[in-house]
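This note's numbering puts the first residue of the sequence shown at 6, with every later residue one more than the last.
Note that CB positions come from ideal geometry on N, CA and C, so glycine has one too.
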Amino acid sequence: MAFHPMRAERILVGPMASDVTYGANGAFFMGSPEAGWDLIFIASDGLGWEHVSVRATNGARSRTPTWKEMCAVKDACWDAEDVVMQLHPRRSEYVNNHPHVLHLWRPTAAEIPLPDSLLVGDKSVGELAPAVTKGAADDGPHHPH
């Protein structure tokens with residue numbers, strides 16, 4: 006298990022600049038798996054947590070990262086078998102300093118408990134194709150579980 010945001014390109018100039026003396030803390034940049042977009046994230050490893058704040062950017066445009074982008078940042082910052090999480094805290098604990106940022110967290114002093122994968126689905130089935138039904142475009146996304 007390792008936290009290594011340094012796999013991405015560290016931002017060296019500007020208000021978020023840092024250098025190698027900051028260790029895993031600082032702002033980083035990487036290409037997005039979504040065409041035409043980049044990812045900027047701030048990493049930190051203090052107070053008992055490894056943490057990244059992620060946003061997608063395209064020049065002056067910004068948007069909330071996709072699942073695919075969050076997976077790319079997870080893979081850049083942690084090992085493949087490390088478990089990290091997104092949290093939905095109590096409403097009274099909400100903090101929103103930027104409308105397009107999502108966070109990944111991992112505690113450093115405890116292992117994150119996981120539910121049995123069977124509660125998500127049957128791994129032996131593999132990935133299912135999206136359901137195609139008449140009117141599917143009109144009534145929102147369809148989920149296989």
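Whose C-alpha, out of the options, is nearest the C-alpha of residue i?
| i | options | result |
| --- | --- | --- |
| alanine 48 | Ala32, Leu107, Ala77 | Ala32 |
| proline 38 | Trp72, Glu132, Gly19, Arg15 | Trp72 |
| histidine 108 | Gly28, Pro94, Thr26 | Pro94 |
| alanine 81 | Ser97, Pro20, Arg12 | Arg12 |
| threonine 62 | Gly51, Gly53, Phe46 | Phe46 |
Which of the three DSSP states is assigned to residue i in this structure?
| i | result |
| --- | --- |
| aspartate 80 | helix |
| leucine 107 | strand |
| valine 154 | Because the chain spans 6 through 150 in this model, residue 154 falls outside it and cannot be assessed. |
| arginine 15 | strand |
| proline 10 | helix |
| methionine 75 | helix |
| threonine 26 | helix |
Give me the Cα-Cα distance between residue i and residue j, rounded to the nearest whole angstrom.
| i | j | result |
| --- | --- | --- |
| proline 149 | alanine 40 | The pLDDT assigned to proline 149 is 48, lower than 50, so where the model puts this residue is not dependable; a value taken from the coordinates is nonetheless given after this. In a straight line, the C-alpha of proline 149 is about 27 angstroms away from that of alanine 40. |
| glutamate 55 | proline 112 | 6 angstroms |
| proline 70 | methionine 35 | 13 angstroms |
| leucine 44 | serine 129 | 33 angstroms |
| alanine 85 | tryptophan 110 | 15 angstroms |
| valine 88 | aspartate 127 | 20 angstroms |
| histidine 9 | glutamate 98 | 28 angstroms |
| alanine 29 | isoleucine 16 | 12 angstroms |
Buried or exposed: where does residue i fall if 16 or more other Cβ atoms within 10 Å of its Cβ makes it buried?
| i | result |
| --- | --- |
| isoleucine 117 | exposed |
| tryptophan 5 | In this structure the chain extends from 6 to 150, so residue 5 is not present and cannot be described. |
| valine 18 | exposed |
| alanine 65 | exposed |
| arginine 96 | exposed |
| methionine 75 | buried |
| alanine 77 | buried |
| valine 100 | exposed |
Could you check where the beta strand (DSSP E) with residue i kicks off and where it finishes?
| i | result |
| --- | --- |
| aspartate 43 | 43-49 |
| glycine 36 | 31-36 |
| serine 67 | 66-68 |
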